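Taking my numbering, the leading residue of the sequence shown gets 1361, the next gets one more, and so forth. We put the CB at the ideal spot given by N, CA and C, even for glycine. Remember, it's a predicted structure, so these values are computed and weren't measured experimentally. I have placed the structure first, in the form of structure tokens, so that the comments after it can refer back to it.
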Amino acid sequence: MRIHYRLAGPQDAIAIGVLARRVTRRWILPEQPASAAPPLLLGMSARVIRKKILAGQRFHLAWQDDGRLVGVAAMRENSHLFQFFVTTRMHGDGIARRLWQRAMRDAVRRAGTRRFTLNASAMAVPVYLHFGFLPSGPLTVSSTGLVVQPMHLDLP
1361 MRIHYRLAGP
1371 QDAIAIGVLA
1381 RRVTRRWILP
1391 EQPASAAPPL
1401 LLGMSARVIR
1411 KKILAGQRFH
1421 LAWQDDGRLV
1431 GVAAMRENSH
1441 LFQFFVTTRM
1451 HGDGIARRLW
1461 QRAMRDAVRR
1471 AGTRRFTLNA
1481 SAMAVPVYLH
1491 FGFLPSGPLT
1501 VSSTGLVVQP
1511 MHLDLP
């Protein structure tokens, strides 16, 4: 099945939220304190995502021919990757790499970005290392208890 890539519109918010929450529950929440779940999942609601899209945050999407959303990469301020999910059954198919490349190129083209940042869950650190990101410091804990690894990538 072919994968198609495009930018999200407000009409995509529900599908993005469903995918993000499903992947988060499977891969991120098991390694986090219970207190981190409600605020994290709230930020993935269709209402919040729609507002972010309307505010100009860029959500790059990967869709299958049959209309199923299989990946999302969301960028804030053309430099901070804040949502990056690929449906579990398609891990290892290159979708994450293509989504990252699209989001990165878009930010470079739009804003001349040379430094990218993100906050990675423990299970995602190897993926980001493979993309060339490096840890920016020690693990951090947010006010809601979310434990993340700050990372950065500097383009040549």
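- In this structure, the CA atom of residue 1366 is about 31 Å from the CA atom of residue 1391.
- Distance check between residue 1500 and each of 1479, 1514, 1516 places 1479 closest, using alpha-carbon atoms only.
- Within the same chain, 1434, 1436 come within 6 Å of residue 1442 by CB-CB distance, once the 5 residues on both sides are set aside.
- Shown here, residue 1424 sits in a strand according to DSSP, grouped into three states.
- Straight across, the Cα-Cα distance linking residue 1368 with residue 1409 is about 10 Å.
- Taking residue 1503 as reference, the option from 1379, 1394, 1440 with the minimal CA-CA separation is 1394.
- With a cutoff of 8 Å on beta-carbon distance, residue 1468 and residue 1446 are scored as not near each other.
- Taking all protein chains in view, the Cβ of residue 1497 is surrounded by fewer than 16 other Cβ atoms within 10 Å, so the residue is classified as exposed.
- Boundaries cannot be given for residue 1499, as no alpha helix (DSSP H) includes it and DSSP labels it neither H nor E.
- Counting along the chain, the unbroken beta strand (DSSP E) around residue 1429 starts and ends at 1429–1436.
- Relative to the Cα of residue 1444, the nearest Cα in the group 1428, 1419, 1389 belongs to 1419.
- DSSP places residue 1368 outside both helix and strand once states are collapsed to three, so it counts as coil.
- Nearest to residue 1387 by C-alpha distance, out of 1483, 1423, 1370, is 1483.
- Per DSSP, residue 1514 is one residue of the beta strand (DSSP E) stretching across 1507–1514.
- Between residue 1422 and residue 1374, the C-beta gap is not smaller than 8 Å, which leaves the two residues out of contact.
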